[in-house]
Every structure is written in structure tokens, then in C-alpha cells.
Amino acid sequence: MLAAQPENGSKTLDVITIGRASVDLYGQQIGTRLEDVGSFAKSVGGCPANIAVGTARLGLKSALITRVGHEQMGRFIVEQLARGGVETAGIATDPDRLTALVLLSVEAEGVSPMIFYRTDCADMALSEDDIDEGLIAAARAIVVTGTHFSRPNSEAAQKKAIRLARAHGARVAFDIDYRPNLWGLAGHDAGFERYVASDMVSQKYRSVLPDCDLIVGTEEEILIASGEADLLTALRTIRTLSSGTIVLKRGPMGCIVYDGAIPDDLEHGIVGKGFPIEVYNVLGAGDAFMSGWLRGWLTGEPHATSATWANACGAFAVSRLMCAPEYPSWTELTHFLAKGSAERALRKDAELNHLHWATNRRRAIPSLMALAIDHRSQIEDMAAGDAQLLARIPAFKALAVKAALQVANGRPGFGMLIDDKYGRDALFAAGAQPDFWIGRPIELPGSRPLQFEFSQDLGSRLIDWPVDHCIKVLCFYHPDDAADLKARQIDKLGSACDAARKVGRDLLIEIIASKHGPVDDDTIARALRAVYDAGIKPDWWKLEPQASAKAWANIDAVIEARDPHCRGIVLLGLEASQAALETGFALAQTSRMVKGFAVGRTIFAEAAKAWLAGDISDDAAVADMASRFGALVAAWERLSENREA
299 MLAAQPENGS KTLDVITIGR ASVDLYGQQI GTRLEDVGSF AKSVGGCPAN
349 IAVGTARLGL KSALITRVGH EQMGRFIVEQ LARGGVETAG IATDPDRLTA
399 LVLLSVEAEG VSPMIFYRTD CADMALSEDD IDEGLIAAAR AIVVTGTHFS
449 RPNSEAAQKK AIRLARAHGA RVAFDIDYRP NLWGLAGHDA GFERYVASDM
499 VSQKYRSVLP DCDLIVGTEE EILIASGEAD LLTALRTIRT LSSGTIVLKR
549 GPMGCIVYDG AIPDDLEHGI VGKGFPIEVY NVLGAGDAFM SGWLRGWLTG
599 EPHATSATWA NACGAFAVSR LMCAPEYPSW TELTHFLAKG SAERALRKDA
649 ELNHLHWATN RRRAIPSLMA LAIDHRSQIE DMAAGDAQLL ARIPAFKALA
699 VKAALQVANG RPGFGMLIDD KYGRDALFAA GAQPDFWIGR PIELPGSRPL
749 QFEFSQDLGS RLIDWPVDHC IKVLCFYHPD DAADLKARQI DKLGSACDAA
799 RKVGRDLLIE IIASKHGPVD DDTIARALRA VYDAGIKPDW WKLEPQASAK
849 AWANIDAVIE ARDPHCRGIV LLGLEASQAA LETGFALAQT SRMVKGFAVG
899 RTIFAEAAKA WLAGDISDDA AVADMASRFG ALVAAWERLS ENREA
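So for the sequence shown, the numbering used here puts the first residue at 299; every next one is plus one.
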């Protein structure tokens with residue numbers, strides 16, 4: 299019997315998921331045994347956590363009820379969920395237990411061994427005390443999951459949530475989520491085992507079915523939930539216990555939905571066909587499927603539509619490596635449904651990959667004011683080859699961080715460009731500040747054609763960068779350069795873009811054209827068009843101030859047509875005076891894409907010369923840079939406020 303539905307206006311959440319929350323460690327080497335995996339990628343995992351992420355990406359307001367440990371992995375889960383738009387008020391921190399871990403690999407198509415590290419883990423200690431009535435009352439639906447009926451305390455917690463949901467007019471969905479070894483029915487090395495018959499498990503599941511408005515499971519899960527040995531009988535047994543909608547997941551064949559009596563021919567339900575894609579990793583596909591289904595089910599779509607969305611989300615999951623990080627955003631899903639893909643392996647579809655990256659970024663950065671201290675050759679010139687002065691450059695860059703942080707004063711929208719060569723201490727200092735943007739250069743200073751600094755093998759260089767550091771590459775590119783030079787430059791920018799996407803880092807491309815030819819109203823727009831023509835879509839552009847509103851309009855038009863998901867443009871300085879920069883700032887207010895600035899020598903040059911010469915103290919250098927940076931920030935903020943007014 300369906301629960302009575304309240305007015306949607308009284309509900310602030312669409313769905314609450316309940317149960318497992320783990321850290322998944324995915325083997326990065328494909329086609330090998332878990333024993334032979336050499337490195338792992340970390341992500342949020344566990345059926346309910348995955349569904350919470352998946353539904354949030356599809357535009358639902360989701361929350362998770364679980365427990366995590368009072369340690370770094372627990373905080374990782376909470377922070378990742380919050381970044382993904384999931385309400386975390388229902389997540390309790392357990393001071394006595396560790397967050398669950400799962401090790402996984404892709405050994406072959408459809409074969410993904412896994413090891414669950416869940417002995418007395420935090421999420422399995424979930425209790426009735428963790429179920430807050432106010433939170434449940436705020437939801438239109440809850441999702442209970444199979445594993446959490448395996449312990450008395452977590453079973454009691456989920457059953458309390460069910461009672462409260464029904465009392466407050468919320469729907470109850472049951473994701474059967476059967477993992478035999480989490481019930482103690484298979485060995486530690488059998489995490490991938492899908493089915494072991496058990497009267498005890500079936501009895502637990504059957505006790506839940508009468509309160510469910512939605513029951514979702516694979517063929518094996520339908521069998522275990524019913525306690526029957528054949529599928530038709532199993533579905534009919536479930537129907538005697540619940541009038542809720544039953545969704546039978548069938549992997550690559552899609553799904554079948556049963557709303558009323560179970561037909562003699564199971565194909566006579568509402569058939570949702572699967573998508574013909576290459577299977578890469580089946581783990582997490584069911585949670586992606588459930589996310590797509592809930593988006594349709596909770597927004598009143600016909601079951602056929604919900605099934606299509608569910609199958610499409612599952613297709614994304616099986617075509618990519620990990621679980622929650624790979625689930626599609628609503629933008630990505632609707633693009634796929636409207637246009638499809640020429641690739642059977644969706645992870646190889648460049649347009650889908652870009653949409654996935656751009657619509658699931660770690661955080662929004664609507665504006666950015668940065669102090670650029672990534673200069674190497676310019677500061678080396680100030681040292682004039684003096685070994686003692688060169689050795690002092692790292693300390694000066696650390697002082698620049700102090701100046702920038704002083705101006706930022708904990709406010710969002712601030713950051714720095716800092717290099718690897720001299721900026722190690724500066725990077726550590728800047729990285730200790732939450733939400734402080736950091737960009738790092740990879741170009742060999744002054745190179746034309748563009749070359750990378752230290753090594754042309756970007757993958758090995760970038761892999762140890764923090765995940766929120768942005769890759770910055772400066773290219774001296776003019777659209778009227780010789781064809782072979784332009785081709786070499788674009789090829790190098792393409793390598794930077796490929797590396798950025800492979801290792802999951804933002805990319806900022808800086809274009810300076812004025813040093814190698816005349817610049818008119820269309821010069822920079824033409825340069826950007828050439829980069830986009832090569833399939834390169836940076837997250838940020840760093841550009842010279844333009845001489846006219848027409849030039850900015852041309853640039854805006856190119857970016858908005860080629861990549862509407864671009865974060866935007868920051869202005870560079872080229873050691874211009876503050877007055878000249880303010881003039882450029884004012885004209886840039888006509889642009890929709892300019893979001894701020896990243897200026898260096900205008901701010902630090904005088905302080906660097908005096909400090910290296912021993913003419914001023916550390917404090918005086920910091921004060922000088924803070925004064926200059928603060929003045930530019932004030933000018934930008936004043937102009938931006940006037941534009942908004």
C-alpha cells in the first residue's frame with residue numbers, strides 16, 4: 299500500500315539513502331589480478347553513498363544517513379559528499395570505529411574482485427539513535443538497503459526510518475543490494491560473489507517488503523528477497539507481500555518494471571531496453587541505475603522514462619572505472635539521451651568526457667583574484683647569477699604567500715600561481731589554506747615553440763600534484779604565426795590538455811600574442827578559436843587586457859559557442875602599472891567571461907629587487923606586496939560592484 303503523499307512544499311529533501319558509506323580504492327591497472335595491482339584511486343563508495351551522489355548529480359536534493367570514523371577517511375567521505383551537493387546532516391561520526399574500506403580491481407570484462415574491510419566498521423554501528431525524525435520528515439522518499447538488515451542495530455535503525463517515513467507521508471524504496479559475504483555467507487576473497495541462498499537473509503528481506511513502495515534488484519536479488527528458486531515464483535511471492543513497484547535489473551538487457559499482477563510471460567512488464575555499450579567495470583552500475591530511476595520516479599515520470607534514465611546511468615557506470623565519481627550529471631545524461639555516442643566505450647567519447655568533467659568539478663569558483671609568483675626567469679634575472687641570491691628566491695616566494703593570504707583574509711575567490719622550481723615552501727604554505735586556489739606552471743619559461751619544463755612526460759610529473767591544483771601553461775601564440783609553428787604549439791597544448799584530463803586537474807591556458815605580432819579586435823578570438831578547433835577545452839583562460847569592448851565581445855562569443863562550461867578568463871599583467879591595469883580592468887567589465895585577474899610583477903617586482911638587495915626586511919616586503927595586491931583587489935571589486943549595479 300502506497301504511503302499518502304504530503305504537499306511537496308513541506309519537503310526540503312527528495313530522497314534520503316541509508317546504510318553503507320566506505321572509501322573505495324580502485325586498482326588503476328586494468329586486466330590484472332588484485333594481487334598485482336600497484337596503485338589505487340580513491341573515491342566514495344557503498345551503495346547508499348553512491349545513490350546519494352548519483353541523485354544529487356541528477357538534480358535531486360539528496361541526503362545520506364550513515365556513520366563514518368573519526369579520522370581522515372571519514373572526513374574524506376563527508377567532504378566529498380558535501381562538494382557533490384549531498385546533505386550530510388545525517389552522517390554521524392563514530393569515535394570508536396574506523397571507516398569501511400573496499401579494495402577493487404578490474405581483472406577482466408565483468409570480473410571485478412573486491413575485498414571488504416568492514417570488521418566492526420563505523421557504518422555497521424548505525425543505530426536507532428542515528429535516525430532523526432526531523433530529517434526523515436523533510437524527505438519525500440527514503441531508500442533502505444539490504445546490507446544494513448544484517449545486524450540487529452542497523453536493522454532496527456532502518457526499520458525506525460521506515461516507520462517514520464510512512465508516518466510523515468514519505469515513500470519507501472528498497473534497494474536489495476545483496477552481498478553474500480557481508481552476511482557472513484562467503485569468504486573474505488569472495489566480495490564479488492553475487493548469490494548464496496539463505497533462508498535467514500530471505501526472512502529478513504521479506505519482513506521489509508510490505509512497507510515498500512519500490513523494490514529494486516537483480517534476478518539474484520529478487521530470488522533472495524523472496525526465498526524462491528525461480529524468478530517467476532519469486533516475483534509473485536514478492537507481489538503477495540507488497541503492492542509496490544518492482545524493478546527487475548537485467549544488466550545489459552536493461553530492466554523490466556512490474557506495477558500490478560505479475561504476468562505469466564515476464565517480458566510483458568514495462569521493458570526498459572539497455573544501451574549497447576562496452577562493459578568495462580560492472581561495480582557500482584546498480585547504484586547508478588537506481589539514481590536514474592529515482593530521478594524519474596520522484597519527479598512523476600512514466601515508468602518507461604524512469605527505466606530509460608536508469609539504464610543510461612548504468613551504461614555510464616559500466617563504461618568507466620570507478621563508482622560514484624563516474625556517474626553522469628543531468629547535463630551529461632540529457633546530452634547522451636538526445637545525441638547518443640559514436641563510441642561503444644563511453645569513456646572514450648570526448649564530448650561526454652568534457653561534459654562529465656565540467657559539470658562535476660570539485661567546487662565552483664565564480665571569481666578569482668590571484669597573485670602570480672610563478673615567475674622563474676624574471677626573478678633569476680634580478681639575482682644576476684649570484685648563487686646566494688638564487689638560493690634566497692624560495693624564501694621570497696613564501697613571503698608572497700603571506701602577503702596574498704593577508705589580503706584574502708580567509709575570503710573565497712583568492713589564490714596564487716606558484717612554480718615548482720622555487721616555490722616548494724610557498725606551495726606548502728598556500729596549500730594549508732582551505733579553498734585557496736593554486737595554479738602551477740608547466741611551461742619552460744620563454745619557450746617558443748612551447749616546451750614543458752623539466753620533462754616532456756607530463757603524466758609522471760603531474761600525478762603527485764594535489765587534486766585541486768590547477769595546471770597552468772603559457773603559450774606565446776599569435777594566429778598569424780607560420781603554420782608549422784602554430785601546429786607545434788597547438789600539439790603541445792593538446793598534450794597538456796590530455797594530461798590534465800587523465801590525472802583529473804583543472805587546466806589554465808595563458809595566451810600572449812602581443813610580443814609576436816600586432817593585436818586587433820579579433821586577434822585573441824582567432825587564437826582561442828584555433829585552440830578549440832583542436833579539441834582543447836581549458837577550464838580557464840589567462841589573457842592580456844584588451845584594447846576595446848569589441849575585442850572582448852569577440853572573445854566571449856568564441857568561448858560561449860565552443861565551451862559554455864568554461865570557468866572563465868583571468869587577466870594577466872605583463873608588469874603594467876597599476877593605473878594601466880585599472881584601465882584594463884574597467885574595459886574587461888564589458889566581458890561576460892572575465893572573472894578576475896592573476897597579476898605578478900606589478901605586485902612583487904619592486905619588493906623582490908629591494909629584498910634581494912638586502913634593502914628591506916621580510917615584514918617590509920610582505921607589507922609592500924600586500925599593499926599593491928590589496929589595491930588591485932579593491933579596484934577590481936569596485937569595478938565589479940559597479941557593473942552588477
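Virtual Cβ for every residue (Gly too), placed ideally from N, Cα, C.
Predicted model, so just to flag it, every value in this text is computed and none were measured.
Per DSSP, the continuous alpha helix (DSSP H) segment holding residue 595 begins and ends at 583-595. By the Cβ criterion, the segment 348-356 is not in contact with the segment 329-339, since fewer than three pairs of Cβ atoms, one from each stretch, lie closer than 8 Å. Per DSSP, the continuous beta strand (DSSP E) segment holding residue 473 begins and ends at 469-473. If you look at residue 361, you'll find it isn't in any alpha helix (DSSP H); it sits in the beta strand (DSSP E) that goes 360-367. Nearest Cα to residue 471 within the set 544, 929, 762, 532: 544.
Boundaries of the alpha helix (DSSP H) harbouring residue 795: 781-801, taken from the DSSP string. Taking a cut-off of 8 Å for Cβ pairs, the segment 691-711 and the segment 918-926 touch, as three or more such pairs fall below it. Contact between residue 443 and residue 317 holds, with the beta-carbon distance rounding to 4 Å and staying under 8 Å. Residue 343 is bridged by DSSP to 320. For residue 830, the enclosing alpha helix (DSSP H) begins and ends at 821-831. Beta-bridge pairing by DSSP links residue 415 to 399.
In the structure shown, residue 712 falls within a strand segment according to DSSP collapsed to helix, strand and coil.
Residue 803 is not a Cβ neighbour of residue 771, given a cutoff of 9 Å.
Between the alpha carbons of residue 436 and residue 763 lies a distance of about 41 Å.
Bridge partners of residue 667 according to DSSP: 712, 895. In this structure residue 740 is not in contact with residue 713, their Cβ atoms being roughly 17 Å apart against a cut-off of 8 Å. Contact fails between the segment 529-541 and the segment 578-591, because fewer than three Cβ pairs, one in each stretch, are under 8 Å apart. In chain order, 331, 332, 402, 403, 405, 487, 489, 490 place their CB closer than 8 Å to the CB of residue 411, counting only its own chain and leaving out the 5 sequence neighbours on each side. Excluding residues up to 5 positions away in sequence, 365, 366, 367, 392, 395, 397 lie with their Cβ nearer than 6 Å to the Cβ of residue 420 in the same chain.
Per DSSP, reduced to three states, the secondary structure at residue 649 is helical. Under DSSP, residue 536 takes part in no beta bridge, so it has no partner. About 4 Å separates the CB atoms of residue 748 and residue 790; that is less than 8 Å, so the two are in contact. With a threshold of 16 other beta carbon atoms within 10 Å, residue 835 meets it and is buried. Two segments are said to touch when three or more pairs of C-beta atoms, one from each, lie closer than 8 Å; by this definition the segment 678-692 touches the segment 714-730. When the Cα atoms are used, residue 383 and residue 347 turn out to be separated by approximately 12 Å. Between residue 895 and residue 879, the C-beta gap is smaller than 9 Å, which places the two residues in contact.
The segment 628-644 makes no contact with the segment 829-849: fewer than 3 CB pairs, one atom from each, lie closer than 8 Å. Assigned with DSSP and collapsed to three states, residue 624 falls in helix. Distance from the Cα of residue 388 is smallest, within the candidate group 579, 438, 361, for 361. Look at the beta carbons and you see the segment 568-583 not touching the segment 443-462: under three pairs across the two are nearer than 8 Å.
Taking residue 503 as the centre and dropping the five residues before and after it, the same chain places the C-beta of 523 closer than 6 Å to its C-beta, in chain order. Your pair residue 359 and residue 430 does not check out as a contact, with CB atoms roughly 16 Å apart and the cut at 8 Å. The C-alpha of residue 343 is placed about 21 Å away from the C-alpha of residue 484. The C-beta distance from residue 705 to residue 924 rounds to 6 Å, short enough to fall under 8 Å. The continuous alpha helix (DSSP H) containing residue 450 extends over residues 450-465.
Residue burial annotation: residue 782 is exposed, with fewer than 16 other C-beta atoms found within 10 angstroms of its C-beta.
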